[in-house]
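These protein sequences, in sequence, are chains A and B.
All residue numbers for the first sequence refer to numbering that gives the first Met the number 0, where the first residue is 0 and numbers rise by one.
All residue numbers for the second sequence refer to numbering that gives the first Met the number 0, where the first residue is 0 and numbers rise by one.
Protein chains: 2
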Amino acid sequence: MRRGGSPAVPGPGPAARDTRQKRAIRRVLEHADRPLSPDEILAAALPHSEGLGIATVYRSLRALVDERWLSAVEVPGRPVLYERSGKSHHHHFMCDVCARVYEIEGCDVSATLPRGFRARDHDVTIYGTCRDCSANRRR
Amino acid sequence: MRRGGSPAVPGPGPAARDTRQKRAIRRVLEHADRPLSPDEILAAALPHSEGLGIATVYRSLRALVDERWLSAVEVPGRPVLYERSGKSHHHHFMCDVCARVYEIEGCDVSATLPRGFRARDHDVTIYGTCRDCSANRRR
DNA sequence: GTCAAATTGATAACATCTTATCATTATCAA
DNA sequence: TTGATAATGATAAGATGTTATCAATTTGAC
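What follows is the structure, given as structure tokens:
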């Protein structure tokens, strides 16, 4: 059970200050109900931190991933998304219409690999129409 | 069973010539045992068509996808790969070591989607170590 | 063989996403 | 409050993948 008290890096590093920007970004990610892109995170955090810049978002995301507070979610054909670490095993649903990515639970995968292949992990992405977009289209 | 005699575009377009370059590219894809990236296709086709350029590879790939001779395969965090169309339903395995992508058959997925979500398709990507890399590492 | 025009290859230009730079500002231990 | 310095924001620069440009070449109907 790899958890890493401190990041894999040597020393504990410099100070690490608690800023309005980082608080806003963490806040957004704590309350997100789906993985978010850096742009979405910026947009959602701006109201809590006027003037927040995209560079700070990227910097904070990198730091939060390093300290394992965040996990990167990669979906085919989209930029990397971010979600809180430590969630139970789950997969993702990408809406054809709005391109948002949702988490889905209870997904079973069974595969037989060729001789000599060893599996370490897997991703499942389901494509379709999300609830909002189904409703808006009335069909 | 959508097959499209002619591409979704209006007219049948201009001539369409049979060139050494296109033949080389089609040949590579016909004999590939896994989805290939544009760079891999260029490298594999070069011996059959000296001086072949990457621009021609991209042009040809686009044309072949348009006429449904090729399908694009998207894997998280990698450039788009291409494989022959018309293969039976299958998924992909990406090697952690060499980053090559293989096709795998016989993969079952079952998921329960939230109310209002409708699935249209799905992708499964399994990560691990391929046969070559397992063998080379002797462990 | 001719020749209009499709195709090619080299490369510049784009698109997109991410990181580096640096002057300015904010943090927080003392 | 002070002050060393971490952090920020604007933006340039980088990385990567793909497309456009255009002169030169190749194709193929005649």
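Quick reminder that beta carbons are idealized off the backbone N, C-alpha and C, glycines included.
Just so it is clear, the structure is predicted and the values come from calculations on it, not from any experiment.
Where the beta strand (DSSP E) containing Ser-111 of chain A begins and where it ends | In the first sequence, residue 111 of chain A corresponds to position 112, counting from 1. First, the residue type needs correcting, since residue 111 of chain A is Thr and not Ser in the sequence shown. First-last for Thr-111 of chain A: undefined, no H or E at that position.
Using the Cα positions of Val-123 of chain A and Leu-41 of chain A, report the straight-line distance between them to the nearest angstrom.
-> Counted from its first residue, the first sequence places residue 123 of chain A at position 124. Counted from its first residue, the first sequence places residue 41 of chain A at position 42. Distance between the alpha carbons of Val-123 of chain A and Leu-41 of chain A is about 27 angstroms.
Limits of the beta strand (DSSP E) - the one that Arg-119 of chain A falls within = Here residue 119 of chain A corresponds to residue number 120 of the first sequence, with the count starting at 1. Taken as a continuous stretch (DSSP letters only), the beta strand (DSSP E) holding Arg-119 of chain A covers 117-128.
For the beta strand (DSSP E) holding Arg-58 of chain B, just list the boundary residues, first then last.
-> If you number the second sequence from 1, residue 58 of chain B lands on position 59. Per DSSP, Arg-58 of chain B belongs to no beta strand (DSSP E); it is in the alpha helix (DSSP H), 53-65.
Going along chain B, which residues have a C-beta under 9 angstroms from Val-64 of chain A?
-> Stepping through the first sequence from its first residue, residue 64 of chain A is reached at position 65. Going along chain B, no residue has its Cβ under 9 angstroms from Val-64 of chain A, so there is no contact; the nearest lies around 14 angstroms.
Mind checking Val-100 of chain A: buried by the 16 CB within 10 Å criterion, or exposed?
-> Reading the first sequence from its first residue, position 101 is the one you call residue 100 of chain A. By the neighbour-count rule (16 or more Cβ atoms within 10 Å), Val-100 of chain A is buried.
Going along chain B, which residues have a C-beta under 8 angstroms from Arg-99 of chain A?
-> As a working note, residue 99 of chain A is residue 100 in the first sequence. Result: empty, since nearest Cβ-Cβ is about 11 angstroms, beyond 8 angstroms.
Residues of the region 108-127 of chain A whose Cβ lies closer than 8 angstroms to any Cβ of chain B, in chain order = Val-108, Ser-109, Ala-110, Thr-111, Leu-112, Pro-113, Arg-114, Gly-115, Phe-116, Arg-117, Ala-118, Arg-119, Asp-120, His-121, Asp-122, Val-123, Thr-124, Ile-125, Tyr-126, Gly-127
Using 8 angstroms as the threshold, is the region 110-126 of chain A in touch with the region 112-130 of chain B, meaning 3 or more CB pairs across them?
-> yes
Can you find a C-beta in chain B that's less than 8 angstroms from the C-beta of Val-74 of chain A?
-> As a first step, residue 74 of chain A is located in the first sequence; it is residue number 75 there, counting from the start. It does; some Cβ of chain B falls within 8 angstroms.
Between Leu-63 of chain A and the rest of its own chain, which residues show a CB-CB distance below 6 angstroms, the 5 nearest in sequence each way excluded?
-> Numbered from 1 along the first sequence, position 64 holds the residue referred to as residue 63 of chain A. Excluding residues within five positions, the ones whose Cβ falls inside 6 angstroms are Leu-69.
Are the C-beta of Gly-52 of chain A and some C-beta of chain B separated by less than 8 angstroms?
-> Counting from 1 along the first sequence, the entry for residue 52 of chain A is found at position 53. By this cut-off, Gly-52 of chain A is not an interface position.
Would you verify that the beta carbon of Ala-7 of chain A is, or is not, closer than 8 angstroms to some beta carbon of chain B?
-> The residue you call residue 7 of chain A lines up with position 8 of the first sequence. At Ala-7 of chain A, the pLDDT of 39 sits below 50, so the modelled position is not reliable; the number obtained from the coordinates is stated separately. It does not: the Cβ of Ala-7 of chain A has no partner Cβ on chain B nearer than 8 angstroms.
Under 8 angstroms Cβ to Cβ from His-91 of chain A, same chain only, skipping five residues before and after it: list those, please.
-> For the purposes of this step, residue 91 of chain A is taken as the residue at position 92 of the first sequence. For His-91 of chain A, where only same-chain residues beyond five positions count, the Cβ hits under 8 angstroms are Pro-34, Val-72, Val-74, Val-100, Tyr-101, Glu-102, Ile-103, Asp-122, Val-123, Thr-124, Ile-125.
Of the residues A:Gly-105, A:Val-96, A:Val-108, A:Ser-109, the one placed nearest Ala-134 of chain A, counting alpha carbons only = For this step, residue 134 of chain A is matched to residue 135 along the first sequence. The shortest C-alpha separation from Ala-134 of chain A is found at A:Val-96.
Please work out which residues of its chain come closer than 8 angstroms, Cβ to Cβ, to Gln-180 of chain B, disregarding the five sequence neighbours upstream and downstream, and give them in chain order.
-> Because chain B spans 0 through 138 in this model, residue 180 of chain B falls outside it and cannot be assessed.
Residue-chain proximity (Ala-31 of chain A, chain B), Cβ-Cβ < 8 angstroms | As a position in the first sequence, residue 31 of chain A is number 32, starting the count at 1. Not an interface residue.
Residue-level contact to chain A via CB, Ser-145 of chain B, 8 angstroms cutoff | Because residue 145 of chain B is not part of the residues shown, which for chain B are 0 to 138, the question remains open.
Could you give the distance in angstroms between the alpha-carbon of Arg-119 of chain A and the alpha-carbon of Asp-107 of chain B?
-> Here residue 119 of chain A refers to the residue found at position 120 when the first sequence is read from its first residue. Here residue 107 of chain B refers to the residue found at position 108 when the second sequence is read from its first residue. Their backbone Cα atoms lie some 17 angstroms apart in a straight line.
List, in order along the chain, the chain B residues whose C-beta lies closer than 8 angstroms to that of Arg-130 of chain A?
-> If you number the first sequence from 1, residue 130 of chain A lands on position 131. Those within 8 angstroms of Arg-130 of chain A in chain B are Pro-113, Arg-114, Gly-115, Phe-116.
Ignore the nearest five residues each way along the sequence and tell me which others in Gly-85 of chain B's own chain have a CB closer than 6 angstroms to its CB.
-> Position 86 of the second sequence, counted from the start, is the residue given in the question as residue 85 of chain B. Here the set comprises nothing.
Give a yes or no on whether the minimum CB-CB distance between Arg-138 of chain A and chain B is below 8 angstroms.
-> For the purposes of this step, residue 138 of chain A is taken as residue 139 along the first sequence, with counting starting at 1. No answer about Arg-138 of chain A holds up, because its pLDDT of 48 lies below 50 and its placement is not dependable.
Integer Cβ distance of Pro-78 of chain B from Tyr-57 of chain B, believed to fall under 8 angstroms | Position 79 of the second sequence, counted from the first residue, corresponds to residue 78 of chain B. Position 58 of the second sequence, counted from the first residue, corresponds to residue 57 of chain B. That belief does not hold up - the Cβ atoms of Pro-78 of chain B and Tyr-57 of chain B are roughly 11 angstroms apart, past 8 angstroms.
Please report how far the alpha carbon of Arg-67 of chain A lies from the alpha carbon of Arg-83 of chain A, in whole angstroms.
-> Reading the first sequence from its first residue, position 68 is the one you call residue 67 of chain A. Reading the first sequence from its first residue, position 84 is the one you call residue 83 of chain A. When rounded, the distance between both Cα atoms is 9 angstroms.
How would you call Ala-98 of chain B, buried or exposed, if buried means at least 16 neighbouring beta carbons within 10 angstroms?
-> One-based indexing of the second sequence puts residue 98 of chain B at position 99. Exposed is the call here.
Between the Cα of His-88 of chain A and the Cα atoms of A:Asp-32, A:Arg-117, A:Ile-24, A:Gly-105, which residue gives the shortest distance?
-> Here the question's residue 88 of chain A lines up with position 89 in the first sequence. Ranking A:Asp-32, A:Arg-117, A:Ile-24, A:Gly-105 by Cα distance to His-88 of chain A puts A:Gly-105 first.
State buried or exposed for Ile-53 of chain B, treating a residue as buried only when at least 16 other CB atoms are found within 10 Å of its CB.
-> Here the question's residue 53 of chain B lines up with position 54 in the second sequence. Exposed, since its Cβ has fewer than 16 Cβ neighbours within 10 Å.
How would you label Ala-15 of chain B, buried or exposed, when you count the other beta carbons within 10 angstroms and need 16 or more for buried?
-> The residue given as residue 15 of chain B occupies position 16 in the second sequence. By the neighbour-count rule (16 or more Cβ atoms within 10 Å), Ala-15 of chain B is not buried but exposed.
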